[in-house]
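Engineer: I am attaching a structure below and will ask some questions about it afterwards.
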Amino acid sequence: MAEGLSRRRLLQAGTLAAAGLGAGALAGCAPSGASRTTLQLWSAYAPAPQQDPNIVAQSDWFLDRLAAWNAANDRQIEAVYIPNYADPTNTRIATAFASGTGPDIFLISPGDFLRYYNGGALVDLAPYMTQEAIDDYFPQALATRRDGDGIYGLPMEQEPLAVFYNIPAFEEAGLSEGDIPTTWEDLLELGRRLTGGQQAGMVFETTPGYYQNFTFYPWIWQGGGDVIDAETQVPDFTSDAAVAALELFGEGVRSGASPRTLPANGDVVGAFTNGYAAMWQSGIWQVEAMRQNAPDHPYGVFPLPAPAGGEPTTVLGGWAWCVNSKGSDPEAAARFTVEVMGSMSAESINAGADWNGRFKGNIPARQSVLDAIGDDDIFADPILQKFRDEIYPTGRGEPRYPPVIYKAVSNALQAVQLAGADAAQQAEQAQRAIESYLETYDGGDLL
Amino acid sequence: MSTSTPVLARTAGRTQRSAHLAQQAKRERRAAWLFLLPDSLGLLVFVGLPMVLAIALGFFRVDGFGNIDFIGGANYVRMVGDPQFWSSVRITLIYLVTLVPLLFAVGLALALLVQQKFPFVGAVRSALFVPYAISLVVVAMVWQFMLGDRVGIVNQVLSWFGVEGTSFLGQPSLALATLVFVTLWFQMGYYMVIFLAGLQDIPGEYYEAARIDGAGAWQRFRAITFPLLRPTSFFVLITSTVAVITGGLDLVFIMTKGGPAGATSLLIYYIYEQAFLFGELGYAAAIGSTLIAVLLIWSGLMFLVTKGGRFDDGR
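Going line by line, the protein sequences match chains X and V.
Using the numbering used here, read the first sequence as starting at 1 and increasing by one per residue.
Using the numbering used here, read the second sequence as starting at 448 and increasing by one per residue.
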C-alpha cells in the first residue's frame, strides 16, 4: 500500500514538475522588445569575441559610443553581437522582429531597407536632426534611406566596388599597369588571357543572392540602363543596357574568362595569395582584409571598365543605423543614433572619422567626416586614395528593391550567366515579373 | 453441495484473479500513460502546436513586423500559379526519387558486405559510418572545397586519369547530381547500420536450412533476407524520405544557395527563402503545410506497400 502510494505520488510529482518546467521554460522566453528596460544595439562589431587587434578596435569604437551615452543618460544601451550579421541570409534579425523581440537600434544594408520600411518598423530620424547635419550627408548615401522628407536610416559608411588585380599574376603574364582594361571587351580579353592552370582570370560573383545583384547593378547603369526608372517607377529591364550587362556576365563564363564558382570559396585574399585568381570584382572592404591578412602581397585596383560609349559607374553599399519603431523606447534610441551618427558636434564628426579613417577604411557618408580624415591614417594608403578620389565619385547608392524584384533580376542573371540562356529573353521575363508585382505594390519609392 | 461448492469456489477464485489481473493491467496502462506524458507534452508543445500554427499561418499574409491579415486560400492559389514553386517541386522529386532508392540499395549492399567476416571489418564499418557523425555543415564545406572548379582535389584526381576538369557546382546539369552524391556519401553509413541490425535479427537457422536445401546466395537473399527485412525496409523508406526532404536545406544553403540558375532550389530551400529572405511567412507556411500533407500521404503509401513493416501473421 505504502509502495503503491509512493509510486503514484512519485508519478504525480514528476508530472507536476514536468508541467512546471515546461511552463517555466515558456514563460522564460526572451521579453518583447517593448518591455526591455535596457535598449539593445545589434551589430556584427561589438562586443567582439575575437582577439584580432583591428576587430577589437572596431568593437571598442562601438562600446565607447555606448559608454559615453550611458554615462550621461538614464536609459542605458547595451551592445549585442550577432555572428554572421553581414550575411543577408542570417535569419536572426528577421525572426526577432517576427516574434516581437527585435533590437532597438540595428544596422541594415539598402537591400533590406524597404522590407523594414514598408513593414512600419523604422523611426523617422529627421525630426531629431538639424538641417545642417542632413545637408552634410552625401545625397547618394542618404537617398536610399529616405522617403520624402523622412530619414529612416543613417549610413555610417559607403563601400564602392572596383576590380582588384593580383600583381604577381599580371607580372607572370608580362602585363603592367598600362594593360589595365578600360572597356568590357578589354576586361574579358584580359580575363581569358589570365585564365589557366589553377588561376581564374576575372571573377564575377556567381552565387545567387542579394550580393550578386549588388555587384551586377553598376554594369547596367554604365550603359545608361536601370532595373526600374527612379523617376517614373516603371521597370526598365529590357533596355539595351540591361541586356548588354546580362550578356557581359554570360560571355564571361562562355568565353572562359570567368569561373562558374568562386575560387577559394569566395576569399579574395586566399585566392590572390595562392594564385587562384588574377582579377576580382569586389568592394573597398577588401583593402582592410588584405592589410590584415596579407600585408606584403602586392595588388592593385581599377575602376569597373565601361562599355563602348558608356560612363564609368560603380555602386555604393554600406551599413546604416536604424531605430525600431516598436522598440522599448524609440525616442531615446533615435536621440542616441542621431547623437552618434548624425550630429554636427565634434564628437559625432570625430567618431565618423575614427570609424571610416582609422578602423574600417571606408568612404564616409558625410562631407565633414571626409574633410576631417583628409589624407591621414588609413587614407594615406594610395589604394584607398584611388577609391576615394577616382572610383567613389562615380558611385550610386545600392538599390533598395523588395524581394520579388531582387528575385526576378537574380533569376535572369543566373540563367544567362550559368545556364547559357538568351539575355534578351530573360530580361523580358524578368520585366514581366516586375511589372506584375508593381501592379499591386504599395510602399516606398523604388530607387 | 459437496460437488458444487468446490466449483463455485474455483469460479470465485478465477473471478477474483481475473479482476485482480484487470486491475493490474489498468494500473499498468495508467503508469504507461504517465510515463509517456512528459514526452507527449514536449511533442505536443514543440511539434504539434507549431505544426497547427503553421497550417493556420498559411491562411494569413504575415510580413514579419506584426502585421497579419486573413486572406483565406490566397496563399494556396498563389502557390498553384507560382512557376518557381513548381520548379522546386520538380527538382525535389528528382532529388527524392534518385536518392531514396540509392540510399536503400547502397545501405543494404554495404550492410550485406560488412556482415561478412573479413580482416578489419570493424574498421571498415566505422569508416563507412563516420561521415554520418560529422556535422552536415562541415560536410558541405569540405565537399565544396574538394569540388572546386580549378583547385579542387576531385578535379585534380580526375586530371591524373586524363579526364578534363569540370565545374560540379557551377553547371546546372551537374549540380543536383553532385548534391545527390554528397548526401549519399553522408547518409549511407547510417542506413548501413540500420540494415545491419535488421540482418542480425534474422535467425541463422533459416539460412542453414536453405543451404541444406541447396539454395544459392541469391535465392537465400530473395527468399529469406529481403522478406524478413520488411520492418527495417519500412523504417528506412520513411526515415530516408523525411531526411532527404528536410536534410537537403543545409547542403543547398552552404554549397549552392539554390543555384546555379535555380538547379538546386529544393522545395525546403524555397520555403526557407520565402520565409526568411523575403519575409513571406504566410506563403512559406502554406507551402510547408502542403509539404507536410505530401509527406503524410507518402508515409501512408509506404505503410500500405510494406504492410507497415508487419508480416502476414500480424507480427
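Yeah, the Cβ is synthetic: ideal placement off N, Cα and C, and Gly gets one too.
Verify the CB distance criterion: does V/P497 have a CB-CB separation below 8 Å to chain X?
Structural biologist: It does not; no Cβ of chain X falls within 8 Å.
Engineer: Cβ atoms of X/I93 and X/G100: under 8 Å apart, would you say?
Structural biologist: No.
Engineer: I'd like to know whether the C-beta of V/Q591 is nearer than 8 Å to at least one C-beta of chain X.
Structural biologist: Cβ-Cβ to chain X under 8 Å: yes for V/Q591.
Engineer: Run through DSSP, which three-state label would X/A173 get?
Structural biologist: Here X/A173 sits in coil by DSSP.
Engineer: Compare the Cα-Cα distances from V/V553 to each of V/K704, V/G609, V/Y717 and V/S680 and report the closest residue.
Structural biologist: Looking at the Cα atoms, V/S680 is the closest of the given residues.
Engineer: Which residues mark the beginning and the end of the alpha helix (DSSP H) in which X/T215 is found?
Structural biologist: X/T215 -> alpha helix (DSSP H) spans Y210 to Q222.
Engineer: Excluding five sequence neighbours on each side, which residues of the same chain lie with their C-beta closer than 8 Å to the C-beta of X/N350?
Structural biologist: Excluding sequence neighbours, X/N350 sits near A372.
Engineer: On a CA-only basis, which of X/F170, X/A162, X/A169 and X/L125 is nearest X/G150? Give me that one, please.
Structural biologist: Considering only alpha carbons, the answer is X/L125.
Engineer: Quickly, what does DSSP pair X/V315 with across the bridge? List them, please.
Structural biologist: Per DSSP, X/R396.
Engineer: Between which two residues does the alpha helix (DSSP H) holding V/P548 run?
Structural biologist: Per DSSP, V/P548 belongs to the alpha helix (DSSP H) from P530 to Q562.
Engineer: Flag this pair as yes or no: are the beta carbons of X/A459 and X/Y128 separated by less than 8 Å?
Structural biologist: The question about residue 459 of chain X has no answer here: the residues shown for chain X are numbered 1 through 447.
Engineer: Cα separation between X/Q198 and X/M279?
Structural biologist: Taking the straight line joining both Cα atoms gives about 13 Å.
Engineer: Would you identify the three-state DSSP class for V/T737, choosing helix, strand or coil?
Structural biologist: In the structure shown, V/T737 sits in a helix (DSSP, three-state: H, G or I).
Engineer: Just mark X/I448 as buried or exposed, buried being the case when its beta carbon has 16 or more other beta carbons within 10 Å.
Structural biologist: Because chain X here runs from 1 to 447, residue 448 of chain X falls outside it and cannot be looked at.
Engineer: Kindly indicate if chain V contains any beta-carbon less than 8 Å away from that of X/F249.
Structural biologist: With 8 Å as the cut-off, X/F249 does not count as an interface residue toward chain V.
Engineer: Since V/K704 meets chain X, which of its residues come closer than 8 Å, beta carbon to beta carbon?
Structural biologist: Simply T89, T207, P208 and G209.
Engineer: Going by C-alpha to C-alpha distance, which of X/G225, X/Q222 and X/W184 sits closest to X/E251?
Structural biologist: Per the Cα distances, X/W184.
Engineer: Would you please state the rounded distance, in angstroms, between the beta carbons of X/N324 and X/F106? I believe it to be under 8 Å.
Structural biologist: Right, the Cβ-Cβ distance comes to about 7 Å (below 8 Å), so this counts as a contact.
Engineer: Tell me whether the beta-carbon of X/A155 lies closer than 8 Å to the beta-carbon of X/G283.
Structural biologist: For the sequence presented, residue 155 of chain X should be read as Pro rather than Ala. Going by C-beta atoms, X/P155 is not nearer than 8 Å to X/G283.
Engineer: Contact check, X/Q431 vs X/T215 under 8 Å by CB: the rounded distance?
Structural biologist: Not confirmed; about 21 Å, so no contact.
Engineer: Provide the residue(s) that pair with X/M202 in DSSP beta bridges, ordered along the chain.
Structural biologist: Beta-bridge pairing links X/M202 to X/M279.
Engineer: Is DSSP giving X/Y299 helix, strand or coil here?
Structural biologist: Three-state result, X/Y299: strand.
Engineer: Residues in the segment 186-201 of chain X with C-beta within 8 Å of chain V's C-beta atoms, listed in sequence order?
Structural biologist: Within the segment 186-201 of chain X, the residues whose Cβ lies closer than 8 Å to some Cβ of chain V are G197, Q198, Q199 and A200, listed in chain order.
Engineer: Against chain X, does V/R597 count as a neighbour if the rule is that its beta carbon must be under 8 Å from one of theirs?
Structural biologist: For V/R597, the answer is yes, since a Cβ of chain X falls inside 8 Å of its Cβ.
Engineer: Counting pairs of Cβ atoms below 8 Å between the segment 734-743 of chain V and the segment 403-417 of chain X, do you hit three or more?
Structural biologist: Not touching, per the Cβ criterion.
Engineer: Mapping DSSP to helix, strand and coil, what is X/V243?
Structural biologist: Three-state result, X/V243: helix.
Engineer: Using Cβ-Cβ distances below 8 Å, what residues of the segment 315-328 of chain X are close to chain V?
Structural biologist: Listed by position along the chain: K326.
Engineer: Identify, in the order they occur along the chain, each residue of the same chain with its Cβ nearer than 8 Å to the Cβ of V/Q666, setting aside the five sequence neighbours on each side.
Structural biologist: Answer for V/Q666: A657, listed in chain order.
Engineer: Check whether the Cβ atoms of X/L316 and X/R396 lie closer than 8 Å to each other.
Structural biologist: In contact: X/L316 and X/R396 (Cβ atoms closer than 8 Å).
Engineer: What residues of chain X sit near V/D510, judged by a beta carbon separation below 7 Å?
Structural biologist: Correct list: G119.
Engineer: Check the Cβ of X/R115 against every Cβ in chain V and list those closer than 7 Å, keeping chain order.
Structural biologist: What X/R115 touches in chain V: G726.
Engineer: Let me know the secondary structure DSSP gives X/I391 once reduced to three states.
Structural biologist: Three-state result, X/I391: helix.
Engineer: Use the C-beta contact count for V/M498: other C-beta atoms within 10 angstroms, 16 or more gives buried, fewer gives exposed.
Structural biologist: Exposed: under 16 other Cβ atoms inside 10 Å.
Engineer: Return no unless some Cβ of chain V is closer than 8 Å to the Cβ of X/L418.
Structural biologist: Closer than 8 Å: yes.
Engineer: For X/A415, decide whether its Cβ has a neighbour in chain V, counting only Cβ atoms nearer than 8 Å.
Structural biologist: So, interface residue.
Engineer: Mind checking X/W219: buried by the 16 CB within 10 Å criterion, or exposed?
Structural biologist: Result: buried.
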